[in-house]
Amino acid sequence: MLFRSFNIPAGAKPGEYKFTIDAEGEDAKSSLPVTVNLAEPLAAKLTATPKFPVLKGSPKSNFDFNVAVKNEASADATVQLRADGLPAGFTATFKEGYNTQEITSLVIKANESKDITIAVKPSPRAGAGQSSFTFTVASDKAATVETKLTADISGQPTITVAGQDERLSGEAAAGEKKTFPLVVRNTGTAPARGISMNATPPSGWTVTFEPKDLPDIAPNEDAKVNAIVTPGGKAVAGDYVVSMRASGDGISESANYRVAVTTSTLFGLYGLGFIAVALLVLFGAVGRFGRR
């Protein structure tokens with residue numbers, strides 16, 4: 002049995018090719034006509050296989066999808082990468098394997114596979130639920146493959162601390178209690194739970210809250226709280242800053258409240274009394290020595 006292999010030039014055109022194989026021995030010879038039909042090259046065929054088609058995280062997470070893209074054709078192919086149907090506010094970038102360089106296209110050799118990372122950043126305002134898009138790989142050989150990827154987003158609470166009517170300033174007298182109303186608002190997409198209030202006041206001051214521990218705050222809702230501030234009894238007149246903080250459930254937010262301290266009314270009364278006593282002493286002395 003005879004086997005014969007042929008090397009076909011890369012530039013050979015499709016069509017019918019005829020040639021003869023000759024065999025010759027001592028007493029005989031033979032010829033075998035051979036016809037080879039060279040077909041058109043196979044069109045590029047691509048596959049895209051995601052490692053995990055669904056990833057879970059919060060609106061602050063980065064969703065890194067890994068997809069194996071294979072060129073199953075007999076020729077190299079240049080492919081374009083797209084993320085079609087991304088929800089509003091979402092962004093997507095592409096990288097090859099663990100490289101840091103962002104790409105939008107690459108060459109995949111015949112029968113070669115490439116790992117592509119699709120890094121998706123959700124909108125900070127993304128609501129809880131599943132957000133899907135289509136990862137598209139388009140070849141210059143007219144082949145296209147698509148695969149569906151899904152970001153399963155869990156809700157995330159986001160809180161702000163503000164004064165009533167958005168005001169973060171007020172007045173208080175030294176050594177006297179003063180109540181300042183605050184509003185803790187949840188601007189996130191999940192309930193804010195376990196929120197408690199704390200403060201960092203100047204030395205010698207006291208700050209308490211009513212209530213200190215807040216009930217659950219639903220998204221787009223707020224909770225009212227009173228900050229009861231007592232400046233130090235020896236605080237001099239002027240502006241001071243008190244940091245008001247709401248924290249819990251893995252989140253924390255603070256606001257600086259400016260408190261303008263005035264002289265205590267008690268000190269004012271003491272001052273008036275001191276002046277009155279001084280005047281009495283003065284008048285008494287004048288009257289006594291005046292008669293002499």
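If you use our numbering, the sequence shown corresponds to residues 2 to 293, in order. By construction, the Cβ of each residue, glycine as well, lies at the ideal position given by its N, Cα and C atoms. Since the model is a prediction, treat every value here as computed from it, not as a measurement.
Using the DSSP secondary-structure output, state which residues sit across from residue i in a beta bridge.
{"i": "Y18", "result": "V37"}
{"i": "V146", "result": "V138"}
{"i": "T94", "result": "A120"}
{"i": "R259", "result": "S170 and V242"}
{"i": "Q157", "result": "In DSSP, Q157 forms no bridge with anything."}
{"i": "I104", "result": "F95"}
{"i": "N199", "result": "R246"}
For residue i versus residue j, is the C-beta spacing smaller than 8 Å?
{"i": "A120", "j": "A152", "result": "no"}
{"i": "G164", "j": "Y258", "result": "yes"}
{"i": "N187", "j": "S248", "result": "no"}
{"i": "I154", "j": "G58", "result": "yes"}
{"i": "E172", "j": "T263", "result": "yes"}
{"i": "V243", "j": "P202", "result": "yes"}
Could you tell me the distance, in whole angstroms, from the CA atom of residue i to the CA atom of residue j?
{"i": "K122", "j": "A238", "result": "50 Å"}
{"i": "G189", "j": "N221", "result": "7 Å"}
{"i": "A261", "j": "K149", "result": "59 Å"}
{"i": "S1", "j": "S75", "result": "Summary: the structure shown does not reach residue 1, with the chain confined to residues 2 through 293, and so no result is reported for it."}
{"i": "E254", "j": "G233", "result": "26 Å"}
{"i": "G26", "j": "L33", "result": "15 Å"}
{"i": "A84", "j": "T135", "result": "6 Å"}
{"i": "S132", "j": "W206", "result": "50 Å"}
{"i": "L270", "j": "A174", "result": "Low confidence applies to L270: its pLDDT is 49, below 50, so where it sits in the model is not reliable, and the reading given next is rough at best. Using only the alpha carbons, I get a separation of about 14 Å."}
{"i": "I252", "j": "R246", "result": "11 Å"}
{"i": "T101", "j": "L82", "result": "16 Å"}
{"i": "G195", "j": "L215", "result": "7 Å"}
{"i": "K71", "j": "A224", "result": "55 Å"}
{"i": "E73", "j": "V108", "result": "13 Å"}
{"i": "K19", "j": "A144", "result": "33 Å"}
{"i": "K52", "j": "T105", "result": "20 Å"}
{"i": "L183", "j": "S204", "result": "22 Å"}
{"i": "A89", "j": "T79", "result": "29 Å"}
{"i": "F66", "j": "P54", "result": "7 Å"}
Among the options, which one has its Cα closest to the Cα of residue i?
{"i": "F64", "options": "K235, E147, S124 and L183", "result": "S124"}
{"i": "G128", "options": "A173, A144, P158 and S140", "result": "P158"}
{"i": "V37", "options": "T145, E17 and V243", "result": "E17"}
{"i": "E147", "options": "V68, L56 and P10", "result": "V68"}
{"i": "L47", "options": "P15, K96 and A111", "result": "A111"}
{"i": "G156", "options": "R126, A89 and T180", "result": "R126"}
{"i": "L39", "options": "P54, P10 and S62", "result": "P10"}
{"i": "G86", "options": "G98, T137 and A78", "result": "T137"}
Quick check on the DSSP output: what are the complete beta strand (DSSP E) runs of length 3 or more inside the segment 38-87, in order along the chain? 47-51, 55-58, 64-72 and 78-85
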